[in-house]
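Q: Attaching a single structure in structure tokens format; questions to follow.
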Amino acid sequence: MGKFIVKIILTVVLLAIVGGILAHQYAIDYHYIIIVYKEIENHPLVSPMTPHLVVVMFILLSFIIRIFLESFEISISISFFTVLLGFLWGIVASHDVVIRLASSFMAISSEECLFFYVPIMIFNIAFCLDVYIFLKTLPQTVVIGVPVFLVTAIIYGFMAKGAIEPTWKLEHALIFGVYIAPIYPKAATLILKQHSTQTKQIAVLLEAEALFTLITTDVIRELRSSALLEITVWWYQYVLVAIWFIMGGLVAGFMFGYLGKYFLRKLYTQKYCAMMICFAFPFVIYSFTEKLITGLGSIPVAVAGVMLGMERTVLSKEIEVFLINMWEVVAFILDTVICARSAMLVGTYVLTYISLREYFVVLAAYSLYFVVRFFSFLLFSCVISRLGYGIDMKGMFICAWCGLKTPFSLEILASLYEKGSTELNEYTFYILGIYCLTHLINASFMGTLLEALGLTRISTPRQMNMNNCMKHLFVKREKTVRVLKEDRFLADANWPVVINSTNLRHPYRTQVDMEDDEDDLFLGYRFTYCPDCQKDVPQEPTVKEFKEMTREAKIRVLKAKKMSYSRQYENGMMSKEGIRLLNQAIELAADSKDAEIKVEDLYNRFTEENWCQRFIRRHLDRIREKKAGVRPPRTYWRRLCYHMVVTNRTYEKAMFLIVFFHVIVIAVDFYINSNIITRHERVEVDDSIEHIIQALNIVFALLYVVEFVVKIMAFSYVYVCAHGFRTYFSSFWNILDFVVMLGCSVQVLHILIFHSNETHSTEVMLNDRAFQVSNVISTLRIIRLARVIETFYLDVFVYIDQAYDSKLSFTYELGKSYATTETEILEMLPYMIDNKEIKEQISKKIEIDRAYITKLLGLVQKERPWIAITVKTTQAIRTILNAKKEAINFLKASGWIDSDDYSKLMGFLETLYQQVSSIRRVNPSPPKVIFKEVAWMAEDERVIEFLFENVTVKSFEPQEEVFTEGTVADGIYIVVTGLLIITYNPDPNILEALNDYGRLPVVDYLSGTSYEDPSVDYIVSGNCMGELSTLTGRSYNCTIKADLYSQVYFLSRGVLRRAMELSPDPAVGLECRIWKEVSVRIAVPLLLSTPAYQAFSQDQIKFALERAFVPDLSAFKTFTVTDVIEDIILIEGVVFDYNTTNYYFAPNYIPRTVQKLILPTSSLMQLPIQTETKLLIIPVQDVEEIEVMLMAEETCELIRSLSSSKCLQHTAQDQLKRRRRQKRGDLGSQSSSRGRRAIASSIGTSVSRYAAVCVFNVLSAGLNYLFTIGQ
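This is how it looks when you write it as structure tokens:
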């Protein structure tokens, strides 16, 4: 409740601030509004509400026209029709008083319109940008948005004066070139984003160019306004003001951006609170910075918009779409109002000054502009082609063509007309005409241009993907129709109408032909007839065909990778930004010549640091080295100065605060006494303020002298001159401090001299040349503020490390998802590619990339373990929350919970999602926790405590061998820290034993489909090795050595055997659990190739294998497949089907048609096999492992008599007692356990085990039934 109240208060405060800003802004033209309303009231046919109705009418007509254009797929921009309507309305208004009074809103001040339009437009572009592509192309965008923009404006201004209107003043021509140069390519980018990845990047580049050109134009507009008001006169004043706009705007933008990110993170679960934050912030930032801070509000709004746009990744998909749609609607309304107002203004007032010649001049000006724009791109092509994603000639031509004009230019020219510049009427008409032509010609023929340049061609993988999707949808429709026809209430429906009404249009074809297949996109096998063997044999492909087959196979791999990334994202293993980047990499690879993802980009993200961070880090390292190089003096007082200056950070912070306050005093003094800026008389203030300022200057000068003396003493190791002065003047900053100290000293002397002489006035002192020079020197103290990095260098180090860790965490997430996908693709590769040569080629590339990325992940986990732990922890939390979300949706769909309960549960879940987003760092777990979290420990506290008491620690140096080929593992190793590398080369003898006897090669972390190919993999912390060798007693068939310094927990074979005796359960004991851990890695690729599991994802298969187990079958001769068993996978050894006598060699999937398996211990097995058979059994859901084994003992043939074998009955009792207590409650579980114990004790040892098991099963079923009735 408290949080909700806080959210309401914050929203109300933001609305109040916006309302106050709007009220203040409207107060400017309040007098004008009263005059307009009085004029309207005096007319009988026009009411005061009529202008508002006219605005609403224009907005409504624009929406109707837009819907019409989209319905009939007319590519003309809606802005053209809006301007046309406004222009015609203005012509009518110029001849009719009633219409002109009804259109009185066009006479509102342009400052008012710009106040609404500029922050909304800038924030809309910045917030909706693709932030990753924007940051990637930022240097390229800066070059296009500033130098290219200025060159275009200047050249176009000169050529407009020379070729279009020679009578124009040069100043006006240049202003016309600057104001016409900004672009707003909204209509063009919508078309560009629908095509290839290259055109998407160009679309983002154009949007960013629109942002920078608008900001640059706004800066020039403010500089021109200050020049008209005679605030700036000299060139250096323009430069200083521009620097102040940029630097102050960046700082203010970052401050407001962080504030907005804080609010958005706190309130992002509330849709309307997030909407109000995003809507209020542009006005708040623009007003505060425009009026109070920098004088220019566009730069802070743009910076804050980009920062809040980066926060879109923490928003839910629903809220993100809602905010983007909101900004599109707001931008559309404002564009409509601005365009209509400007067009009405031209039609009403400007058209009377325009002749027929001006209409042709507009065409010439339009053509000239795009020629100049393309020439400017060519001029800077050598720079922009090497930045960002690069750009070719086609891209530059598209960028030049998409220079659609912005309503911002219309509004600026309208403001020029307002101020009485009648000769600028032509400017207003020209820019309106160019605006119409760009939206009529450029936007309409954008698709034709892309088609002519060959950029509309749909890539083969997209065609293949869409063809498969369309076929899937049609098959789904046919199945649904067949099901509905069987419904007796729908049997007489008009099915032809149903079919025609549910036809989907193919996005990439004009007509959909169900008989067409995408097989023409694939290169199948061609066969030739052999006369000797009289068979069709595959014909070897030509070189060209082989290249096409290779590309087709790579396209299949890319498609499989995209599906894998999507599954990881849906399961919470990847963030929204991560899947977007990886999907973008896949699209780039699909459009490239090699059709391969460039892993070098991901490698660079692991190794490279931001250039700014790298520069600051090097600078701070030099500072640290310099401080370390200063030796402490020998004398006591000097050593005190040394500890105060060199080793004490408080001194540096105190001096920084002194300099900061001195800069404030200098600024106040400069404002009062200087007439450089305003060129007017001095500001009249009280003499007491003058005396206070002069006294403060004296105090600061004395402090600087004290600082100089203290530093000299601190640096004087033995001699003052040889050590103190030499060390002091070896630093640039100390030299600057010394110069400033001299300037301040001269200033103090002048103050004392002039105050001692009563005849000298303050005015004379200020005009003294020496005093002015010393005053200018003292202003150099402002540069000292740049040493804030040195003063707080430890804090800066922490911030840089946090920023680097944040980037590396995201990179680690990308790398982990990439490596996971590569592993999945390797397992599916034999079923995706038929050609052996192509498969080996692609497999080798994937193996190299996977091993490379895995090594990088291991290095990160070694050097910065908290990053890996944080990423893995957050991924695990998101996965669990996604599973809970699916469960809640299932409960809602099943009717178990109503809408109110559903909303409450989803609200709690959103709170948990918010907590996950706020996790910044998770510390690594202690070694004992890592030990306990090994999968085959299974929370068996007795076994865990025993193993941990007997564990030993081993260390391995880099390149030290842990296991060599032919070495038998002496136990199991659990990696705590470090990185180890596995190298496997297939041996023909080992492969022969695998094929003939089902004997697995002893290789850790190798799937069952990869034994025939060489492999290189890495073992990271938390992994185990030596399991299979310890269980089987066979030697290793690979080499494992440490790649980095590594520490492991070692469990010897003897300790493990004693632990297995503590957990002797034949189904879920320690040995069985270790076998299960080995078996799951082998079973996943086998099940992926099984028809029954082909529709399953890897995660779904792992969930199915979670209930599987590997029993001890040493006492079994046969194994019967009962109805409680869903599937069986042969992990090691040989079995054969009793009915068909078919042999199955490990690793293999046992078909569901098999009813009885013969094991090697049976006399029916004719093969001399020494390997013990291991089966991975997947029971039916909600069936316990012990129940499967109890039924197996009833139906299977055993080696020994039942009385001498292990007491499975009592094991079953313990297992069922513990597990069913958790599932059914303590009361039912305790009564069931007491009944079982009483029955088991009454049977006694004289009764046969078979009878005891039967009675036990019957009574257990009865108790379960009674317990169910009791519930």
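Just so you know, the sequence shown maps onto residues -19 to 1251 in the numbering used here. The C-beta atom is built at its ideal place from N, Cα and C for all residues, glycine as well.
1. Closer than 8 Å is the cut-off here; do at least three beta carbon pairs connect the region 188 to 199 with the region 116 to 130?
2. Locate the alpha helix (DSSP H) running through L889, then write down its first and last residues.
3. With DSSP as the reference, label K578 as helix, strand or coil.
4. Quick one: which unbroken alpha helix (DSSP H) runs of 4-plus residues sit fully inside the region 1021 to 1056? Chain order, please.
5. If you follow the beta strand (DSSP E) that Y998 is part of, which residue opens it and which one closes it?
6. Between the alpha carbons of Q1135 and S905, how many angstroms are there, rounded?
7. Mark Q895 as exposed unless 16 or more other C-beta atoms lie within 10 angstroms of its C-beta, in which case mark it buried.
8. By alpha-carbon positions, which one of L837, K573, C621 and Y798 ends up nearest to N563?
9. Assign L295 to one of three DSSP states: helix, strand, or coil.
10. Can you check whether the CB of M529 is closer than 8 Å to the CB of N815?
11. Helix, strand or coil, according to DSSP, for F1099 in the structure here?
12. Out of I899, T482, I45 and D571, state which residue places its alpha-carbon closest to the alpha-carbon of T436.
13. If we ignore side chains and look at the alpha-carbon of each, how far apart do L358 and L81 end up?
14. Between V1163 and the rest of its own chain, which residues show a CB-CB distance below 6 Å, the 5 nearest in sequence each way excluded?
15. Excluding the five sequence neighbours on either side, which residues of its own chain have a C-beta within less than 6 Å of the C-beta of R46, listed in chain order?
16. K824 to V1115, Cα distance in whole Å?
17. Could you check whether V982 and S1026 sit closer than 8 Å to each other, using their CB atoms as the reference points?
18. So who's on the other strand from P1159, going by DSSP bridges?
19. Go ahead and label Q548 buried or exposed: buried means 16 or more other beta carbons lie within 10 angstroms of its beta carbon, across all protein chains shown.
20. Grouping DSSP H, G and I as helix and E and B as strand, with all else coil, what is G229?
21. What does the Cβ neighbour count give for R366, buried or exposed, with the cut at 16 atoms within 10 Å?
22. Can you look up L1291 in the DSSP assignment and give me helix, strand or coil?
23. Kindly give me the distance between the Cβ atoms of E1165 and A1047, rounded to whole angstroms, as I take these residues to be in contact under 8 Å.
24. Whole angstroms is fine: what's the gap from V1227's alpha carbon to W916's?
25. Within a Cβ cutoff of 7 Å, which residues of the same chain sit near R1033, ignoring the five residues on either side of it in sequence?
26. Checking the sheet assignment: what are the DSSP bridge partners for D1117?
27. List, from N- to C-terminal side, the alpha helix (DSSP H) runs of 4 residues or more that fit wholly inside the region 340 to 406.
28. Let's test the definition: count the other Cβ atoms within 10 Å of the Cβ of K456 and tell me whether it reaches 16, buried, or not, exposed.
29. Measure the CB-CB distance between T269 and A222 and report whether it falls below 8 Å.
30. Since A116 is in the alpha helix (DSSP H), which residue starts that stretch and which ends it?
31. Rounded C-beta distance between L194 and F388? I'm assuming under 8 Å.
32. Could you work out which residue in L1024, A856 and G375 is closest to I124 when comparing CA atoms only?
33. E941: buried (16+ other C-beta within 10 angstroms of its C-beta) or exposed?
34. Can you grab the Cα-Cα spacing for the pair F680 / K271, in whole Å?
35. Between the beta-carbon of L861 and the beta-carbon of Y893, is there less than 8 Å?
36. So what does DSSP say about V942, is it helix, strand or coil?
A: On the basis of the supplied data:
1. Taking 8 Å as the limit for Cβ pairs, the verdict is that the region 116 to 130 does touch the region 188 to 199.
2. S879 to S897
3. Residue state, collapsed to three classes: coil.
4. 1033 to 1042
5. From DSSP, the beta strand (DSSP E) with Y998 extends over S995 to I999.
6. 47 Å
7. exposed
8. Y798
9. coil
10. yes
11. strand
12. D571
13. 49 Å
14. V1104
15. Excluding sequence positions up to five before and after R46, its CB lies within less than 6 Å of the CB of I58, all in the same chain and listed in chain order.
16. 34 Å
17. no
18. I1105
19. buried
20. helix
21. Its Cβ having fewer than 16 others within 10 Å, R366 is exposed.
22. The question about residue 1291 has no answer here: the residues shown for the chain are numbered -19 through 1251.
23. 4 Å
24. With a pLDDT of only 30 at V1227, under 50, the local geometry of the prediction cannot be trusted, and no value is derived from it.
25. D950, G951 and T1010
26. L1137
27. 361 to 364, 373 to 381 and 387 to 398
28. exposed
29. no
30. It is worth fixing the name first, because residue 116 is Lys in this sequence and not Ala. Its alpha helix (DSSP H) spans residues V111 to K116.
31. 6 Å
32. G375
33. exposed
34. 32 Å
35. yes
36. strand
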